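Working notes for the structure below.
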Amino acid sequence: MASLMLHPDRALPAEPTTRGLARRIYDETAQLPIVGMHGHVEAQILADDAPFGDPAALLVTPDHYVTRMLYSQGVEPYRLGVRAAGDPEVAPREIWRTFCSHWPLFRGTPSRYWLEHELVEVFGVSSVPSPETADELFDAITSVLESPYFRPRALLDRFGIELIATTDPATSQLEHHAKLAADGLGERVVPTFRPDALTHLNRPTWVADVAELGRVAGHDTGSYEGYLAALRQRREAFIAAGALATDHGHLSTDTTRLSVEQAAAIYRDALQGTASAEAGHAFAGHMLHVMAGMSAEDGLVMQLHPGVLRDHHTASFDAYGPDRGWDIPVPTEYTRSLRPLLESYGMTPGFRLILFTVDETTYSRELAPIAGVYPSVRLGAPWWFLDSPHAMRRFREAATETAGFYNTSGFVDDTRAFASIPARHDLSRRIDAGYLGTLVAEHRLSEQEAVETAIDLAYTLPKAAYARR
Amino acid sequence: MASLMLHPDRALPAEPTTRGLARRIYDETAQLPIVGMHGHVEAQILADDAPFGDPAALLVTPDHYVTRMLYSQGVEPYRLGVRAAGDPEVAPREIWRTFCSHWPLFRGTPSRYWLEHELVEVFGVSSVPSPETADELFDAITSVLESPYFRPRALLDRFGIELIATTDPATSQLEHHAKLAADGLGERVVPTFRPDALTHLNRPTWVADVAELGRVAGHDTGSYEGYLAALRQRREAFIAAGALATDHGHLSTDTTRLSVEQAAAIYRDALQGTASAEAGHAFAGHMLHVMAGMSAEDGLVMQLHPGVLRDHHTASFDAYGPDRGWDIPVPTEYTRSLRPLLESYGMTPGFRLILFTVDETTYSRELAPIAGVYPSVRLGAPWWFLDSPHAMRRFREAATETAGFYNTSGFVDDTRAFASIPARHDLSRRIDAGYLGTLVAEHRLSEQEAVETAIDLAYTLPKAAYARR
Amino acid sequence: MASLMLHPDRALPAEPTTRGLARRIYDETAQLPIVGMHGHVEAQILADDAPFGDPAALLVTPDHYVTRMLYSQGVEPYRLGVRAAGDPEVAPREIWRTFCSHWPLFRGTPSRYWLEHELVEVFGVSSVPSPETADELFDAITSVLESPYFRPRALLDRFGIELIATTDPATSQLEHHAKLAADGLGERVVPTFRPDALTHLNRPTWVADVAELGRVAGHDTGSYEGYLAALRQRREAFIAAGALATDHGHLSTDTTRLSVEQAAAIYRDALQGTASAEAGHAFAGHMLHVMAGMSAEDGLVMQLHPGVLRDHHTASFDAYGPDRGWDIPVPTEYTRSLRPLLESYGMTPGFRLILFTVDETTYSRELAPIAGVYPSVRLGAPWWFLDSPHAMRRFREAATETAGFYNTSGFVDDTRAFASIPARHDLSRRIDAGYLGTLVAEHRLSEQEAVETAIDLAYTLPKAAYARR
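Protein chains in written order, with our numbering: chain C, 1 to 469; chain X, 1001 to 1469; chain W, 2001 to 2469.
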């Protein structure tokens, strides 16, 4: 039976001189603390510090990278624990067997890399997943999950996580962060202010959400003015809870500012349910501009994650809900769309904007030229479908020559899968070491400079990029 | 005089460890049978089994990869045998001399690779084409072409072609396939249903084509209803003749469904010659959706080849006709355009859609994310201008990390040049071996897995992707 | 203190076999004369042959690659000598210190490569820029700049510049070129005809510019007809002064021809200041078509540099003027936009169009297919943000397989920084040698062919591409 082994030189370039350089560079970063400034681990997990569930509930059902690959080859969602009304419930062991029997599908994917790393480094198992090994792996992982050393807070230490940010709706009362603070973890686990539900006024839940905002913030959100005051109140509450950043997921990057009158009129219409789709788009773009202005005032770093058409398959969304794997990128434009925002705040010392993309055509054409001149802008790490070995290399190759290294944010993991955090940071450090090693091998950089840069990318830059202004 | 030689390691990565791995992986696929599921070799060539013509008629005049490169450097089409009314006729030997004297233009192109392979492996010659060697090569190839071992059917065996698909208009009566079937080749040479002439109702020949459809299918195509019935009849006739797939060449990938009333009204207008260009585009998109529905019923695999603006230079089209080298790609969008079709059939077990592109920006942004979740979708091999060493590597690097290997179709050659089929499959196998070898060298895959995957890409996956559902 | 050294194998691939090949190929091109067919060195510099200024005035203040990188990290423009009204004046030595203290920002950028090359090869210094070395470097460079061997004309010889083109407004009276001609340099330093100010009729200076055109050309530009006659006169004057080419910087590549009546009407409106923005865009596109027609007549090679949104940050433009680093590319389309022009002149033997881009997605999708069939078209070298090691490799990898090498222009440097010319040509020759070496190492090209091709790319092709037709 084949045995899982993590080769010490995995994901480093094959050419021996370059590999030697890359290994030495990587070695200087391998043990650095983890700074995870944009994640989707739930604060409650860390607040409650309860044991994780079974292997399927931890590693299969919630991981849309994994489930979408299995759907794509005809596995029905319910067999992975993703259930619509009326779907049969499948036992965790059975879900795990289904996953293991499809292991070859992950060849060449980052999921394979992350999962191998987790199985070996986190769970201490060494069998390659397969129909034959599924039960053995299930039992071994289950027993690890029962150990007190595998509680969420214990893993913070074991993983070397110095700082981790959660993502929280603007209406969150941050009670889990309060508990974490009470337990002395308030500066280690910080919230991130995410107002998307409140700025997209055509969403079915919007009227309820702004009402909730009014209640939580203690401002009457019956008017646009009150809505802005309520948003400001929530930002202050997040800052008080340790927040360093906001996060914005928009379909487009439009940032055209409306007049106060126009915005107020659209807002009024939306409360009546009569705002058009165009008005909704205009308002969302306007609010990006407004949020940038608030960031310039209160110093929260602004993150923009655009260009994903969510819930592409409506029937599957209706059956299974959001974030299940049916989100598909679209072409994204930055130069013209961001211009209004950058005209206002691009040169403002107190403002910081971190740009992400799933459209890698924009790296050399738009994003690196923008980040290479505007002091307020940094390029985020390759995101989502691009958080993978070849795509990370392409990012460095396409962005560095115009933006350099120091206009990038360093690594940001963006994961829901807590156990995969070390694997993701490790892979990123290896890819950057490989890229830097290539520059050294081609005599474009000294080895000492490469090591300094690698440390900056892994640790210094993420801390600096997300330092509240 | 320089001698043509095919190095056994050609097109494999230079780095010695990776090359060693790639060579071992390639060796396991080199002798696999050829499955050519999308080609433009004429069925009549195989039905008649007549000798091929002279070297110019076989290798120069019909190959738009070759002729366009020569035009681009000022060679007039008639000198290559591509003639407009009134153009002088040039002797085959003279055409061949012109070709040979421009051999350096092909440096770095796949044509160079394919032609070298053909000259050495198929025709057994070893002189590098040049003004000095042109006549010697012409004579040597001519003598091979006269041999009975070089008849089309003999080459099926010699090339190891297990299965080859032709491309046939929906109105074809498939008489050549009938002859092939009578000769025992019916399951080896299969037709492909191509209805483009019938779904693009602004083409000048459309009225005549739907009338012909009516005659051939025995349905009155005077109404939209009869038109659909006639198309269904032709699909059944193609299936009876062994067809496994349909093929659709559209400028855009729009798949918006019209109501039956709207479609019928446009159809009526088109018969009168009064349908607008917009109506024509809308109808073409609608018919992609309708054809997907028919595929979901009858199991023909649906191929979509979008994004090429045909006949870019009108005067050259008027002079020389279509497919002469003046087709130029345009930016292509998939996420929004395909959504209507995928909403309807993307999760339908009986439906299979194979997507091609000449816009490689869509690999990581749209195509891999789509194929990585929808079970009905597979990504076709790099097509046309992208069927080349670097472009094939870029495809694997951009698509694999999100779609894996098993959501791709494996190699599909798409050639009109019969003698180039082995060269094209060989090059693809080498490039895939190189990519897989890199994964092994970077410890992301075991060598055994790489060999399995290479065999799947070369042989198993094309057969599976095109298996009628 | 670290010492600057130029490794002989810098920017060549690391893999030893490929590096050996690349070094041998590069060695055959390293000493070839420089042909710089598109530059922004001012003719006056060469006409006056005055000493260059101080290190900051030569290497920092005017180089937007350098200044934009420093702005992006918060350095205020005035600290680099880029001043708005009321900004304090900073001493050259202080500017130089600021630059040196930010040296790490340039890691991985072409600026780093070019500047190292200049420091060592042109100025003969060997200290790595840093706060500690800034003064020493400033003094050493200052003393070189005072030497008569560093006068502009002396550098023409020292740099091996056989031919250099300047860029000159269409209204230029070319007095500096007249002086150069009188001094025997008329065929070595040639002007380039740039009519952008005259074809973009919504620019604030347009009315004054066409009046000036009328004066200089001796044609009444009060009518469209007179405007065309005046443009023709200037083209003839440029040709008489040795010009080989025109240059066109447009936001889009639209080339739709208007009727004479439409064009004349827009022209009339523009003189009155009543032309709309749409009319201005239409006129600019029309004039590209008209200019192509003039080139087909008078043989000036036409260069098109599209796709850059100039002066993205209005406040910075107002403060510091154009070309200061706030120009950002936009997605650019060629297939449909250029079609009108190519329908008219794409197959015209006397016409030559050289296409540049800062949108590298167009290489494989549009530009290589266009250049690979139209005899009038050549692809320019990677431009601006893409004139860098990785981007130049991507250009060859994406364009060669469809367009070959011989439909590219060879290297074109496009620089304002006179002292960087040898560095830029050297880097290009290294990257091409690396690409060709890879083809040889993969047995896709013989070494002899690679050497021939490298010489052509470095020297033969630029001369041929820009030979007046």
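Note that CB positions come from ideal geometry on N, CA and C, so glycine has one too.
Here the structure is a predicted model, which is why all the values come from computation and not from measurement.
Check	Outcome
By Cβ distance, which residues of its chain are closer than 8 Å to D456 of chain C, with the 5 residues on each side in sequence left out?	F405, Y406, G410
How far does the beta strand (DSSP E) with G36 of chain C in it extend, from its first residue to its last?	34 to 36
Can you check DSSP and say which residues form a bridge with M2302 of chain W?	W:T2246, W:L2353
With a Cβ-Cβ cutoff of 8 Å, do L1213 of chain X and A1170 of chain X count as a contact?	yes
Per DSSP, what kind of secondary structure is V1377 of chain X in: helix, strand or coil?	strand
Check whether the Cβ of E2015 of chain W lies closer than 8 Å to any Cβ atom in chain X.	yes
To the nearest whole angstrom, what separates the beta carbons of T2256 of chain W and P2340 of chain W, a pair I think is in contact under 8 Å?	5 Å
Kindly provide the ranges of any beta strand (DSSP E) runs that are 3 or more residues long and lie completely inside the stretch 2146 to 2202 of chain W, ordered along the chain.	2161 to 2165
Can you list, in chain order, the residues of its chain whose CB lies under 7 Å from that of A2243 of chain W, leaving out five sequence neighbours each side?	V2190, P2191, T2192, F2193, L2300
Show which residues of chain C have a CB atom less than 9 Å away from the CB atom of T1453 of chain X.	P104, R107, G108
Where M2005 of chain W and E28 of chain C are concerned, what is the direct C-alpha to C-alpha distance, given to the nearest angstrom?	25 Å
Would you check if the distance between the CB atom of G380 of chain C and the CB atom of F356 of chain C is smaller than 8 Å?	yes
Quick one: is G1346 of chain X buried, meaning 16 or more other Cβ sit within 10 Å of its Cβ, or exposed?	buried
For a cutoff of 8 Å on Cβ pairs, would you count P375 of chain C as touching chain W?	yes
Within 10 Å of its beta-carbon, does Y113 of chain C have 16 or more other beta-carbons around it, so buried, or fewer, so exposed?	buried
Alpha carbon to alpha carbon, how far is I354 of chain C from T348 of chain C? Give it in angstroms, no decimals.	14 Å
Between the stretch 144 to 164 of chain C and the stretch 412 to 431 of chain C, do three or more beta carbon pairs fall short of 8 Å?	yes
So is L1367 of chain X in contact with chain D if we call contact Cβ pairs under 8 Å?	Chain labels in this structure do not include chain D; the protein chains are C, X and W.
Which same chain residues end up closer than 7 Å to L439 of chain C when comparing Cβ atoms and leaving out the 5 residues on each side of it in sequence?	L445, A450
Kindly give me the distance between the Cβ atoms of G2434 of chain W and P2104 of chain W, rounded to whole angstroms, as I take these residues to be in contact under 8 Å.	With 8 Å as the limit, G2434 of chain W and P2104 of chain W do not qualify as a contact, their Cβ atoms being about 26 Å apart.
Report the option in W:A2465, W:E2452, W:D2426 whose CA atom is closest to the CA atom of E2116 of chain W.	W:D2426
Answer with yes or no whether the minimum CB distance from I370 of chain C to chain W is below 8 Å.	yes
Does DSSP put A1004 of chain X in a helix, in a strand, or in coil?	Checking the sequence, you will find Leu at residue 1004 of chain X rather than Ala. It is coil, neither helix nor strand.
In terms of DSSP beta bridges, what is V308 of chain C paired with?	C:P329
Mind checking who S1127 of chain X pairs with in its DSSP beta bridge?	X:S1003
Terminal residues of the continuous alpha helix (DSSP H) containing T2067 of chain W?	2064 to 2071
My output table needs one value for T2408 of chain W: the three-state DSSP class, helix, strand or coil.	strand
To the nearest angstrom, how far is the alpha carbon of A1056 of chain X from that of R1468 of chain X?	38 Å
Contact between the stretch 2071 to 2091 of chain W and the stretch 2382 to 2401 of chain W: three or more CB pairs below 8 Å?	no
Would you decide whether Q31 of chain C is buried or exposed? Buried here means 16 or more other CB atoms lie within 10 Å of its CB.	exposed
CB-CB under 6 Å to F123 of chain C, same chain, minus the five flanking residues each way: which ones, in chain order?	I141, V144
Tell me whether V75 of chain C is buried or exposed, calling it buried when 16 or more other Cβ atoms sit within 10 Å of its Cβ.	buried
To the nearest whole angstrom, what separates the beta carbons of R2232 of chain W and T2067 of chain W, a pair I think is in contact under 8 Å?	So it is not a contact: roughly 39 Å between Cβ atoms.
Just checking: is the beta-carbon of H390 of chain C within a distance shorter than 8 Å of some beta-carbon in chain W?	no
Can you find a C-beta in chain C that's less than 8 Å from the C-beta of N1407 of chain X?	yes
Using a threshold of 8 Å, state whether the C-beta atoms of A1478 of chain X and D1269 of chain X are closer than that.	Outside the shown range of chain X, which is 1001 to 1469, sits residue 1478 of chain X, and nothing can be said about it.
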